[in-house]
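Protein chains in written order, with our numbering: chain A, 9 to 101; chain B, 31 to 1013.
For every residue, glycine included, the Cβ atom is placed at its ideal position computed from N, Cα and C.
None of the values given here were measured: they were computed from a predicted structure.
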């Protein structure tokens, strides 16, 4: 039973969320025509043990997509932030 | 009336004035209020309670708790039947029916006891070496017989009439176990002002203190503590509640047996309640289980755990025997010996310890107790009750008549809950026991569970833990209760010398010391292999009284110490949990939500037969049109193609997309072009996944400035919504677009047929739906004269002239009625999903059966839809070699050569005249009998489909033993020019 701290709604049970995959991979730009880049993005994943960032959507709540930091071995959750904020930040950077 | 011959008058905490009757295997017996099945049977002088799993040996009552390995009974009857209940845990109520298990025809005379005679052919793992012939298929002859012989109790197939519920609980401190350590912790945390929840498995709190007599100092301490806790508003004590598991986030699962102790739960009350507890801190005080000593034929009824016997005497007021032998390797059992003596039994103590007598032993001898020091029990005699023990004092053997043997081999802490999160327990050499390993900051283990040797330590540690958990506290720990004697710890858990006769280690699964030796000989030496090869510890008691003894034997054989040998993994649940409790109220109509369209009741009134589509109920067909689906849809189709029909399309996914960047967003998400779609027009669109496969299709309308109305398929609505939200949140947060699900907000009706325009015009006068203002793929918004807001989309799924009319959901029923009334003089009928499906197959429209996540745009024949002059999602990977290979299966139409032949969805396609072997060259996805063509037609995927037009192939169904000749034809069977939409 994990508790995920949604920035909008507060701490909620993980049942309110849907898991959305690895948030550490870089999505190619829409007009990136490299087959290799898209292949890597869609099909290749590391399977790290330890702290990891991943997407969850608060489907039963505000429906925001979040980036949650979770330890894949202990399930300890270290925090969550709005995915939109993270993307905008890295776009600026 | 049967007498309770073994009841101690006035003894125990049971209510001597509350007489109850119950039946055991049909015999009516007396009991008292507070009795369990075990104590009541013992009070009536009954020890024989069951038959062992494999060998069907007579077995009795061993313990007074959940560790009970052998006295497993079936309670109640009918839909309330509950098998495999440990007799010491089943509370007696008046009228309770109790049945013994695993015997036929009776407990006293069990024919399966013949297994005992064949015992040497039935060692551990015998089934791995037998039942292997004469042929490979022979197993299927043995299997039913083995299945019938396996198991202990029998469940019921009748529906459970009771309710169960689930609740969440939040607290600052959760205390598991209300023995002295747990009560002290609760007191500390409670006085400190924390919100405290205490869960206690038994019906009465006290733990080990319940083995002390009432009115003793210990009991007074217990009552005073409980009294204070009851007076604290911030403390909640729940008896009959077992914490069965500790989970991620320190969440604890517990089951409360609210009403198992009465015949029928009060009206509207749940029989059992499952708690999901979210504590800030956990104090574990789950106590310890007594360990038996091993000797020959140690499984006879009348061989019981020593501390359990104390509990029967002092708590239940029952004397389980009149001539007792107490067999012990520690001091603690002397308390049992003295209690037996005081209750009037003749007692002999057999103490394995050599050397000087301990202070306790010396005092007991001084009190007149007969003690054999440095001796061991070799074996027992007796058929369905122990009648004699053979004692070996080192110089020779002596037989002693007895009717009760109390064994005391030390204690095994109940570490389970401390191990559920993965911490391995640690071996404590001096105690000869495993104690909890290091726990996280939020948890603490106290009392005998943590190896506390005496009640003073238990109370002090409990108090400290409770105070620490509350984070605040005042005052000092209260004095500990005086108990008769501390439970004793032996000097290590050494392997015991075998006796004569069968020495049982696991009493439930009939695992003997020779089975452990067999496992060792055959190489199954790790503790995990020992467990699984012999089944030691795999019964309903999970090896509570057998794991350490088995471990010690294996360690001895391996010449290793116990810590090296290790333990198996402790997993939830601690004790069995009824499925009903786990399900709670989510059963029957509450199993999953049912989504109904706004016109649901109207369909019911019209004689609908519904079909589930995901969570939705959709009309399948209407009974007035035919006796079953196959006849009804023909009539409905004829009405639609020849006249006019109406159908409920409210379940389609609908997404409102708004914003200045909305056209750009659609352009990125769909394969086709959207920037130039004018207001008032709609367009068919397909979207792909990132991996290049088709995700979904739908029709999106440009209804206003920066405002689009997207539809999706019913089945993919949720998926597409989350996908769009994903893109807008994580990939393109800079796009000025808002996407909102409006599936439930809009009701939708499709009106289709040559007369559809006429009917709609009459239904919605004042709205101009002539061909000029509303051409094909046109969309308009208006309000009817009655004030009904509508969005009309001229789109055809059926191939006929057709309109989809949307109105806010609250008006859905009114809209349906309006259209139906206008259509009535024209003979309009309602049609369902069966017809919808048949209409679209004739027109070659793909639906979920074709867009199943494994097909590409090109496979579906929609490759021409993609615009290559703009990037869109999925464009790159759809071009990878596997997805563009020339031999890919492409969508085609099929029709039978023989008008009587049947095509079925799911059948495989093979070349004509080839053997049926392998996966074939294609498969059929949708098939109907077509009224328009007078034969079966289908949509299918076949290798190199586009090049095969005109070929005859075989559609094969091995299940139906059919091989049908079918011709490959274009996917559009009817009106390929699409002229009928203008009719």
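Legend entry - Among A:28, A:60, A:55, A:20, nearest to residue 73 of chain A - alpha-carbon criterion: Of A:28, A:60, A:55, A:20, the residue nearest in Cα terms is A:28.
Inset, instruction - Evaluate the contact criterion for the stretch 492–512 of chain B versus the stretch 215–231 of chain B: three or more CB pairs, one atom per stretch, below 8 Å. - result: As far as the Cβ criterion goes, the stretch 492–512 of chain B touches the stretch 215–231 of chain B, which means the pair count is three or higher.
Legend entry - C-alpha distance - residue 466 of chain B paired with residue 489 of chain B, whole-angstrom precision: Taking the straight line from one Cα to the other gives about 18 Å.
Legend entry - Extent of the continuous alpha helix (DSSP H) run through residue 951 of chain B: Neither: residue 951 of chain B is in no alpha helix (DSSP H) and is coded neither H nor E.
Inset, instruction - Report the option in B:214, B:614, B:233 whose CA atom is closest to the CA atom of residue 305 of chain B. - result: Out of B:214, B:614, B:233, B:614 has the C-alpha closest to the C-alpha of residue 305 of chain B.
Inset, instruction - Assess, as a yes-or-no matter, whether the stretch 167–175 of chain B is touched by the stretch 262–280 of chain B under the definition of 3 or more beta carbon pairs within less than 8 Å. - result: With a cut-off of 8 Å, the stretch 167–175 of chain B and the stretch 262–280 of chain B do not count as touching, because too few Cβ pairs lie within range.
Inset, instruction - Give the residues of chain B in contact with residue 47 of chain A, contact being defined as C-beta atoms less than 8 Å apart. - result: Listed by position along chain B, the residues whose Cβ is nearer than 8 Å to that of residue 47 of chain A are 907, 910.
Inset, instruction - Please go through the same chain and pick out, in chain order, the residues whose beta-carbon is closer than 6 Å to the beta-carbon of residue 948 of chain B, but skip the five residues on each side of it. - result: Cβ-Cβ distances below 6 Å link residue 948 of chain B to nothing in the same chain once the five nearest sequence neighbours on each side are left out.
Inset, instruction - State the start and end residues of the unbroken alpha helix (DSSP H) segment that holds residue 19 of chain B. - result: The structure shown has nothing for residue 19 of chain B, since chain B only spans 31 to 1013.
Inset, instruction - Evaluate the contact criterion for the stretch 675–691 of chain B versus the stretch 773–787 of chain B: three or more CB pairs, one atom per stretch, below 8 Å. - result: As far as the Cβ criterion goes, the stretch 675–691 of chain B touches the stretch 773–787 of chain B, which means the pair count is three or higher.
Inset, instruction - Examine the ligand MN and report whether any of its heavy atoms sits within less than 6 Å of the Cβ of residue 827 of chain B. - result: In the structure shown, the ligand MN is absent, as is every other ligand, since no ligand is present at all.
Legend entry - Short Cβ contact (7 Å threshold) for residue 934 of chain B with residue 957 of chain B: In this structure, residue 957 of chain B lies closer than 7 Å to residue 934 of chain B by Cβ.
Legend entry - Assigned secondary structure, residue 72 of chain A (DSSP; H/G/I helix, E/B strand, else coil): In this structure, residue 72 of chain A counts as coil in the three-state DSSP scheme.
Legend entry - residue 523 of chain B versus residue 587 of chain B - alpha carbon distance: Note on residue 523 of chain B: pLDDT 49, under 50, position unreliable in the model; the coordinate value appears next. In a straight line, the C-alpha of residue 523 of chain B is about 14 Å away from that of residue 587 of chain B.
Legend entry - Residue-level contact to chain A via CB, residue 279 of chain B, 7 Å cutoff: By the rule that beta-carbons nearer than 7 Å mark a contact, residue 279 of chain B touches chain A.
Inset, instruction - Name, going along the chain, the residues of the stretch 401–423 of chain B whose beta-carbon falls closer than 8 Å to a beta-carbon of chain A. - result: Those residues of the stretch 401–423 of chain B that come within reach of chain A (Cβ to Cβ, closer than 8 Å) do not exist; the list is empty.
Legend entry - Nearest candidate by alpha-carbon position, reference residue 860 of chain B, set B:955, B:712, B:909, B:675: For the set B:955, B:712, B:909, B:675, the Cα lying nearest the Cα of residue 860 of chain B is the one of B:675.
Legend entry - Counterpart residues of residue 378 of chain B in DSSP-defined beta bridges: For residue 378 of chain B, which the question treats as bridged, DSSP gives the partners B:355, B:400.
Legend entry - Residues within the stretch 599–611 of chain B neighbouring chain A, beta-carbon criterion of under 7 Å: Considering only beta carbons, no part of the stretch 599–611 of chain B lies closer than 7 Å to chain A.
Inset, instruction - Tell me the start and end of each unbroken beta strand (DSSP E) in the stretch 472–514 of chain B that is at least 3 residues and wholly inside, in chain order. - result: Listed in chain order, the beta strand (DSSP E) runs fully inside the stretch 472–514 of chain B are 473–475, counting runs of at least 3 residues.
Legend entry - Status (buried if at least 16 other CB within 10 Å, exposed otherwise) for residue 828 of chain B: Label assigned to residue 828 of chain B: buried.
Inset, instruction - Please determine, among B:100, B:770, B:384, the residue with the shortest C-alpha to C-alpha distance to residue 335 of chain B. - result: For residue 335 of chain B, the nearest C-alpha among the options comes from B:100.
Inset, instruction - Could you name the residues of the stretch 78–92 of chain A whose beta carbon sits closer than 7 Å to any beta carbon of chain B, in the order they occur along the chain? - result: Listed in sequence order: 83, 91, 92.
Legend entry - residue 868 of chain B versus residue 120 of chain B: straight-line alpha-carbon distance, rounded: Taking the straight line from one Cα to the other gives about 59 Å.
Inset, instruction - Establish whether the CB of residue 68 of chain A and some CB of chain B are separated by less than 7 Å. - result: No, its Cβ sits nowhere closer than 7 Å to a Cβ of chain B.
Inset, instruction - Report the neighbours of residue 52 of chain A on chain B: residues whose CB is nearer than 7 Å to its CB, in chain order. - result: Ordered by position in chain B, no residue passes the 7 Å Cβ test against residue 52 of chain A, which lies about 12 Å from the chain.
Legend entry - Cβ-based neighbour list, residue 783 of chain B, same chain, cut-off 6 Å, excluding 5 preceding and 5 following: If we look at residue 783 of chain B and ignore the five residues flanking it on each side, its Cβ neighbours are 670, 673, 674, 675, 830.
Inset, instruction - Select from the stretch 691–725 of chain B all residues with a C-beta closer than 7 Å to any C-beta belonging to chain A, and list them in chain order. - result: So the list reads 698, 720, 721, given in the order they occur along the chain.
Inset, instruction - Please state if the CB of residue 710 of chain B and the CB of residue 809 of chain B are separated by a distance shorter than 7 Å. - result: Result yes, Cβ atoms of residue 809 of chain B and residue 710 of chain B sit closer than 7 Å.
Inset, instruction - Give the residues of chain A in contact with residue 901 of chain B, contact being defined as C-beta atoms less than 7 Å apart. - result: Within 7 Å of the CB of residue 901 of chain B, the CB atoms of chain A belong to 38, 39, in sequence order along the chain.
Legend entry - Residues near residue 202 of chain B in its chain [Cβ-Cβ closer than 6 Å; skip 5 each side]: The residues 224, 225, 310, in chain order, have a CB closer than 6 Å to that of residue 202 of chain B in the same chain once the five nearest residues on each side in sequence are set aside.
Inset, instruction - Determine the DSSP secondary structure at residue 773 of chain B, reduced to helix, strand or coil. - result: Three-state DSSP puts residue 773 of chain B in coil, outside helix and strand.
Inset, instruction - Mark residue 242 of chain B as exposed unless 16 or more other C-beta atoms lie within 10 angstroms of its C-beta, in which case mark it buried. - result: Residue 242 of chain B is classed as buried because its beta carbon has at least 16 other beta carbons within 10 Å across all chains shown.
Inset, instruction - Flag this pair as yes or no: are the beta carbons of residue 284 of chain B and residue 229 of chain B separated by less than 7 Å? - result: Taking 7 Å as the Cβ cut-off, residue 284 of chain B and residue 229 of chain B qualify as a contacting pair.
Inset, instruction - Determine, using beta carbons only, whether residue 73 of chain A comes closer than 7 Å to chain B. - result: Interface residue, yes.
Legend entry - Option in B:98, B:70, B:930 with minimal Cα separation from residue 963 of chain B: Proximity to residue 963 of chain B across B:98, B:70, B:930 peaks at B:930, based on C-alpha coordinates.
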